[in-house]
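Under our numbering, the residues of the sequence shown are numbered 1 to 285, in order.
Idealized CB from N, CA, C, for every residue including glycine.
All remarks here apply to the structure that follows.
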Amino acid sequence: MSTSWPGDSLSGSAPPGPATFAARAGRKPWLTLPALTSSLLGIGGLIVLLLLWWLGTDVLASSQGFIRQFSPTTAIPELVTMLGQPDLLVHVLVSLRRVLIGLAFALLIGVPVGLAVGSYNRLNTATSPAFQFLRMISPLSWMPIAVMVFGVGDQPIYFMLAFAAVWPILLNTAEGVRRLQPSWLSLADSLAATRWETLWYVILPGVLGHVLTGLRLAVGIVWIVLVPCEMLGVSAGLGYFILDTRDRLAYSELMATVLMIGILGFLLDAGARMLYQAVTRSRTA
(Lines of atoms letter the chains of each structure in order from A and count residues from 1; the text may use other names and numbers.)
(Lines give C-alpha, C1' and ligand atoms only; values in the text may rest on other atoms or scores of the structure.)
Protein backbone atom coordinates (compact mmCIF):
# COMPACT_ATOMS: atom_id res chain seq x y z
CA MET A 1 0.00 0.00 0.00
CA SER A 2 1.52 3.30 -1.05
CA THR A 3 1.27 6.53 0.85
CA SER A 4 0.55 9.74 -1.03
CA TRP A 5 1.80 13.01 0.28
CA PRO A 6 -0.23 16.20 -0.03
CA GLY A 7 0.95 18.24 -2.97
CA ASP A 8 2.76 15.34 -4.69
CA SER A 9 2.42 15.23 -8.46
CA LEU A 10 2.39 12.19 -10.71
CA SER A 11 6.00 12.88 -11.70
CA GLY A 12 7.36 10.75 -8.87
CA SER A 13 8.52 13.52 -6.56
CA ALA A 14 10.09 12.39 -3.30
CA PRO A 15 8.24 12.68 0.06
CA PRO A 16 8.90 15.91 1.91
CA GLY A 17 11.92 15.90 4.20
CA PRO A 18 12.45 17.42 7.64
CA ALA A 19 13.16 20.85 6.16
CA THR A 20 9.77 20.79 4.39
CA PHE A 21 7.89 19.84 7.54
CA ALA A 22 9.75 22.54 9.47
CA ALA A 23 8.82 25.13 6.87
CA ARG A 24 5.15 24.06 6.96
CA ALA A 25 5.17 24.35 10.74
CA GLY A 26 6.66 27.84 10.57
CA ARG A 27 9.98 26.74 12.04
CA LYS A 28 13.51 26.79 10.66
CA PRO A 29 15.16 23.42 9.97
CA TRP A 30 17.06 22.09 12.97
CA LEU A 31 20.23 21.95 10.87
CA THR A 32 20.28 25.73 10.50
CA LEU A 33 23.03 27.13 12.73
CA PRO A 34 23.65 30.69 13.90
CA ALA A 35 26.48 32.47 12.14
CA LEU A 36 28.68 32.44 15.25
CA THR A 37 28.23 28.70 15.72
CA SER A 38 29.04 28.07 12.06
CA SER A 39 32.21 30.16 12.35
CA LEU A 40 33.30 28.31 15.47
CA LEU A 41 32.72 24.96 13.77
CA GLY A 42 34.79 26.10 10.79
CA ILE A 43 37.63 27.22 13.05
CA GLY A 44 37.39 23.92 14.90
CA GLY A 45 37.76 22.03 11.62
CA LEU A 46 40.91 23.99 10.78
CA ILE A 47 42.33 23.25 14.24
CA VAL A 48 41.65 19.53 13.76
CA LEU A 49 43.42 19.67 10.38
CA LEU A 50 46.40 21.39 12.01
CA LEU A 51 46.51 18.75 14.76
CA LEU A 52 46.44 15.93 12.20
CA TRP A 53 49.29 17.61 10.32
CA TRP A 54 51.28 17.91 13.55
CA LEU A 55 50.57 14.30 14.56
CA GLY A 56 51.63 12.97 11.16
CA THR A 57 54.90 14.91 10.97
CA ASP A 58 55.98 15.37 14.60
CA VAL A 59 54.42 12.71 16.80
CA LEU A 60 54.03 9.61 14.65
CA ALA A 61 57.10 10.15 12.45
CA SER A 62 60.50 8.97 13.58
CA SER A 63 62.87 11.52 15.06
CA GLN A 64 65.20 11.24 12.05
CA GLY A 65 62.44 10.97 9.46
CA PHE A 66 62.55 13.14 6.36
CA ILE A 67 58.90 14.08 6.77
CA ARG A 68 59.67 16.03 9.94
CA GLN A 69 61.10 18.78 7.74
CA PHE A 70 57.53 19.50 6.61
CA SER A 71 56.20 19.88 10.14
CA PRO A 72 53.93 22.80 11.10
CA THR A 73 56.36 23.60 13.91
CA THR A 74 58.88 24.63 11.23
CA ALA A 75 56.59 25.67 8.37
CA ILE A 76 54.46 28.17 10.29
CA PRO A 77 57.40 30.10 11.83
CA GLU A 78 59.09 30.06 8.43
CA LEU A 79 55.96 31.50 6.82
CA VAL A 80 55.88 34.29 9.40
CA THR A 81 59.52 35.06 8.61
CA MET A 82 58.90 35.00 4.85
CA LEU A 83 55.97 37.40 5.18
CA GLY A 84 58.42 40.02 6.41
CA GLN A 85 60.60 39.60 3.33
CA PRO A 86 59.91 41.09 -0.13
CA ASP A 87 60.62 37.91 -2.12
CA LEU A 88 57.42 36.09 -1.21
CA LEU A 89 55.30 39.20 -1.80
CA VAL A 90 56.70 39.54 -5.32
CA HIS A 91 55.79 35.94 -6.18
CA VAL A 92 52.32 36.34 -4.65
CA LEU A 93 51.60 39.50 -6.65
CA VAL A 94 52.79 37.88 -9.89
CA SER A 95 50.51 34.88 -9.31
CA LEU A 96 47.52 37.07 -8.43
CA ARG A 97 48.10 39.15 -11.57
CA ARG A 98 48.02 36.01 -13.70
CA VAL A 99 44.83 34.84 -11.98
CA LEU A 100 43.07 38.16 -12.59
CA ILE A 101 44.11 38.29 -16.25
CA GLY A 102 43.06 34.68 -16.82
CA LEU A 103 39.68 35.32 -15.18
CA ALA A 104 39.23 38.51 -17.22
CA PHE A 105 39.76 36.60 -20.47
CA ALA A 106 37.34 33.90 -19.28
CA LEU A 107 34.67 36.49 -18.47
CA LEU A 108 35.12 38.28 -21.80
CA ILE A 109 34.62 34.98 -23.63
CA GLY A 110 32.27 33.08 -21.33
CA VAL A 111 29.60 35.70 -20.65
CA PRO A 112 28.83 36.71 -24.29
CA VAL A 113 28.95 33.11 -25.52
CA GLY A 114 26.83 31.99 -22.57
CA LEU A 115 24.25 34.69 -23.33
CA ALA A 116 24.05 33.55 -26.95
CA VAL A 117 23.88 29.84 -26.10
CA GLY A 118 21.20 30.41 -23.48
CA SER A 119 19.11 32.57 -25.80
CA TYR A 120 18.95 30.27 -28.83
CA ASN A 121 17.96 26.62 -28.41
CA ARG A 122 19.42 25.56 -31.75
CA LEU A 123 22.76 27.13 -30.90
CA ASN A 124 22.70 25.36 -27.54
CA THR A 125 21.96 22.03 -29.24
CA ALA A 126 24.73 22.57 -31.77
CA THR A 127 27.42 23.63 -29.30
CA SER A 128 26.62 21.51 -26.24
CA PRO A 129 28.48 18.34 -27.38
CA ALA A 130 31.57 20.35 -28.35
CA PHE A 131 31.57 22.30 -25.09
CA GLN A 132 31.14 19.14 -23.00
CA PHE A 133 34.00 17.51 -24.92
CA LEU A 134 36.37 20.47 -24.50
CA ARG A 135 35.68 21.10 -20.82
CA MET A 136 36.56 17.49 -20.00
CA ILE A 137 40.11 18.02 -21.29
CA SER A 138 42.48 18.92 -18.48
CA PRO A 139 43.89 22.43 -19.01
CA LEU A 140 47.33 21.09 -18.09
CA SER A 141 47.25 18.72 -21.06
CA TRP A 142 47.42 21.80 -23.28
CA MET A 143 50.70 22.88 -21.66
CA PRO A 144 53.17 21.55 -24.29
CA ILE A 145 50.97 22.78 -27.15
CA ALA A 146 50.53 26.21 -25.54
CA VAL A 147 54.29 26.56 -25.06
CA MET A 148 54.96 25.62 -28.69
CA VAL A 149 52.32 28.06 -29.96
CA PHE A 150 52.78 31.02 -27.61
CA GLY A 151 56.37 30.48 -26.53
CA VAL A 152 57.79 30.53 -23.02
CA GLY A 153 56.42 33.15 -20.65
CA ASP A 154 53.08 34.41 -19.41
CA GLN A 155 51.08 33.93 -22.62
CA PRO A 156 50.68 30.12 -22.36
CA ILE A 157 49.75 30.53 -18.69
CA TYR A 158 47.02 33.03 -19.58
CA PHE A 159 45.71 30.62 -22.21
CA MET A 160 45.53 27.67 -19.82
CA LEU A 161 43.96 29.71 -17.02
CA ALA A 162 41.34 31.17 -19.36
CA PHE A 163 40.63 27.71 -20.80
CA ALA A 164 40.14 26.34 -17.30
CA ALA A 165 37.92 29.20 -16.11
CA VAL A 166 35.70 29.77 -19.13
CA TRP A 167 33.51 26.67 -18.80
CA PRO A 168 31.84 27.30 -15.42
CA ILE A 169 31.26 30.93 -16.41
CA LEU A 170 29.87 30.06 -19.84
CA LEU A 171 27.61 27.24 -18.67
CA ASN A 172 26.28 29.13 -15.64
CA THR A 173 25.56 32.19 -17.78
CA ALA A 174 23.64 30.08 -20.29
CA GLU A 175 21.67 28.45 -17.47
CA GLY A 176 20.87 31.88 -16.04
CA VAL A 177 19.41 33.00 -19.39
CA ARG A 178 17.25 29.87 -19.59
CA ARG A 179 15.93 30.52 -16.06
CA LEU A 180 14.86 34.11 -16.75
CA GLN A 181 11.23 34.82 -15.98
CA PRO A 182 9.30 35.01 -19.28
CA SER A 183 7.20 37.79 -17.78
CA TRP A 184 10.29 40.02 -17.60
CA LEU A 185 10.92 39.64 -21.32
CA SER A 186 7.23 40.15 -22.08
CA LEU A 187 7.26 43.35 -20.05
CA ALA A 188 10.29 44.60 -21.99
CA ASP A 189 8.47 43.87 -25.26
CA SER A 190 5.35 45.66 -24.07
CA LEU A 191 7.46 48.72 -23.26
CA ALA A 192 8.97 48.62 -26.77
CA ALA A 193 12.47 48.14 -25.39
CA THR A 194 15.23 47.65 -27.92
CA ARG A 195 17.43 44.55 -27.89
CA TRP A 196 20.24 46.44 -26.21
CA GLU A 197 17.86 47.86 -23.57
CA THR A 198 16.46 44.40 -22.91
CA LEU A 199 19.97 43.02 -22.62
CA TRP A 200 21.20 45.78 -20.30
CA TYR A 201 18.16 46.23 -18.06
CA VAL A 202 16.59 42.76 -18.05
CA ILE A 203 18.90 39.94 -19.13
CA LEU A 204 22.21 41.00 -17.56
CA PRO A 205 20.70 41.80 -14.12
CA GLY A 206 18.75 38.54 -14.31
CA VAL A 207 21.80 36.37 -14.99
CA LEU A 208 24.25 38.23 -12.74
CA GLY A 209 23.82 35.75 -9.89
CA HIS A 210 24.57 32.83 -12.18
CA VAL A 211 27.61 34.62 -13.61
CA LEU A 212 28.99 35.20 -10.11
CA THR A 213 28.36 31.55 -9.22
CA GLY A 214 30.36 30.53 -12.28
CA LEU A 215 33.05 33.05 -11.35
CA ARG A 216 33.42 31.55 -7.88
CA LEU A 217 33.81 28.07 -9.37
CA ALA A 218 36.30 29.46 -11.89
CA VAL A 219 38.40 31.07 -9.14
CA GLY A 220 38.89 27.70 -7.45
CA ILE A 221 39.75 25.95 -10.71
CA VAL A 222 42.18 28.65 -11.82
CA TRP A 223 44.00 28.68 -8.49
CA ILE A 224 44.52 24.91 -8.69
CA VAL A 225 45.74 25.06 -12.30
CA LEU A 226 47.99 28.08 -11.72
CA VAL A 227 50.71 26.46 -9.61
CA PRO A 228 51.69 23.68 -12.05
CA CYS A 229 51.49 26.19 -14.92
CA GLU A 230 54.05 28.37 -13.14
CA MET A 231 56.48 25.47 -12.90
CA LEU A 232 57.32 25.74 -16.59
CA GLY A 233 59.31 28.48 -18.26
CA VAL A 234 58.75 31.42 -15.89
CA SER A 235 60.98 33.07 -13.31
CA ALA A 236 58.37 34.32 -10.83
CA GLY A 237 55.19 33.10 -9.19
CA LEU A 238 54.29 30.70 -6.41
CA GLY A 239 54.71 27.63 -8.62
CA TYR A 240 58.19 28.77 -9.62
CA PHE A 241 59.02 29.53 -5.98
CA ILE A 242 58.11 25.98 -4.95
CA LEU A 243 60.58 24.57 -7.48
CA ASP A 244 63.18 27.08 -6.33
CA THR A 245 62.85 26.02 -2.68
CA ARG A 246 63.08 22.37 -3.71
CA ASP A 247 66.27 22.98 -5.68
CA ARG A 248 67.76 24.84 -2.71
CA LEU A 249 66.68 22.01 -0.36
CA ALA A 250 64.84 24.65 1.71
CA TYR A 251 62.07 22.30 2.77
CA SER A 252 60.66 24.51 5.51
CA GLU A 253 60.27 27.31 2.94
CA LEU A 254 58.68 24.86 0.52
CA MET A 255 56.06 23.82 3.07
CA ALA A 256 55.51 27.44 4.08
CA THR A 257 54.84 28.27 0.42
CA VAL A 258 52.34 25.41 0.15
CA LEU A 259 50.65 26.78 3.26
CA MET A 260 50.58 30.25 1.70
CA ILE A 261 48.96 28.85 -1.44
CA GLY A 262 46.21 27.31 0.66
CA ILE A 263 45.62 30.54 2.59
CA LEU A 264 45.44 32.65 -0.57
CA GLY A 265 43.09 30.18 -2.24
CA PHE A 266 40.85 30.26 0.83
CA LEU A 267 40.80 34.07 0.77
CA LEU A 268 40.06 34.20 -2.97
CA ASP A 269 37.11 31.85 -2.55
CA ALA A 270 35.87 33.85 0.44
CA GLY A 271 36.12 37.05 -1.59
CA ALA A 272 34.13 35.53 -4.47
CA ARG A 273 31.51 34.26 -2.03
CA MET A 274 31.22 37.67 -0.34
CA LEU A 275 30.85 39.36 -3.74
CA TYR A 276 28.01 36.99 -4.63
CA GLN A 277 26.28 37.55 -1.29
CA ALA A 278 26.65 41.33 -1.54
CA VAL A 279 25.16 41.44 -5.04
CA THR A 280 22.26 39.12 -4.23
CA ARG A 281 21.56 40.97 -0.98
CA SER A 282 21.45 44.32 -2.74
CA ARG A 283 19.05 42.93 -5.35
CA THR A 284 16.65 41.51 -2.76
CA ALA A 285 16.79 44.56 -0.48
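Counted as a single uninterrupted DSSP element, the alpha helix (DSSP H) harbouring P112 occupies residues 86 to 119. Linking A116 to S235 through their CA atoms gives a straight-line distance of about 39 Å. Note on geometry: alpha-carbon atoms of Y120 and L134 lie some 20 Å from one another. Listed in chain order, the alpha helix (DSSP H) elements of length 4 or more contained wholly in the stretch 162 to 218 are 182 to 190, 195 to 198. Counting C-beta atoms within 10 angstroms of its own C-beta, V111 has 16 or more neighbours from the protein chains shown and is therefore classed as buried. In the DSSP assignment, T73 falls within the alpha helix (DSSP H) that extends over 72 to 83. In the three-state scheme derived from DSSP, where H, G and I count as helix and E and B as strand, V59 is classed as helix. Linking A104 to G44 through their CA atoms gives a straight-line distance of about 35 Å.
At least 8 Å separates the beta-carbon of I169 from that of A270. The Cβ neighbour count for L88, taken over all protein chains shown within 10 Å, is at least 16; the residue is labelled buried. Taking the CA atoms as reference points, V99 sits about 15 Å from Y240. By alpha-carbon distance to P228, the top candidate from A75, L238, G42 is L238. Excluding its 5 nearest sequence neighbours in each direction, D154 has no C-beta neighbour in its own chain below 6 Å.
CA-to-CA, the gap between L226 and D58 works out to about 30 Å. In chain order, G102, F105, A106 place their CB closer than 6 Å to the CB of A162, counting only its own chain and leaving out the 5 sequence neighbours on each side.
V225 carries a helical assignment under DSSP once its states are collapsed to helix, strand and coil.
If you look at G233, you'll find it isn't in any alpha helix (DSSP H); DSSP assigns it neither H nor E. It is roughly 14 Å from the alpha-carbon of P182 to the alpha-carbon of L199. By a beta-carbon distance limit of 8 Å, S252 contacts T74. Their separation comes to about 4 Å. Here I263 is exposed, its C-beta having fewer than 16 other C-beta atoms within 10 Å. Non-local beta-carbon contacts of T213 in its own chain, meaning distances under 6 Å to residues more than five positions away in sequence, involve N172 in chain order. Annotation for Y158: I101, G102 place their beta carbon closer than 6 Å to its own, counting only its chain and skipping 5 residues before and after. In the three-state scheme derived from DSSP, where H, G and I count as helix and E and B as strand, P144 is classed as helix. Residue state for A250 is assigned as coil, using DSSP reduced to three classes. Beyond the five residues adjoining it in sequence on each side, A174 comes within less than 6 Å, by CB distance, of G114, V117, G118 in the same chain, given in chain order. The Cβ-Cβ distance between V149 and G233 does not fall below 8 Å. Counting only the Cα atoms, A218 lies some 15 Å from R97.
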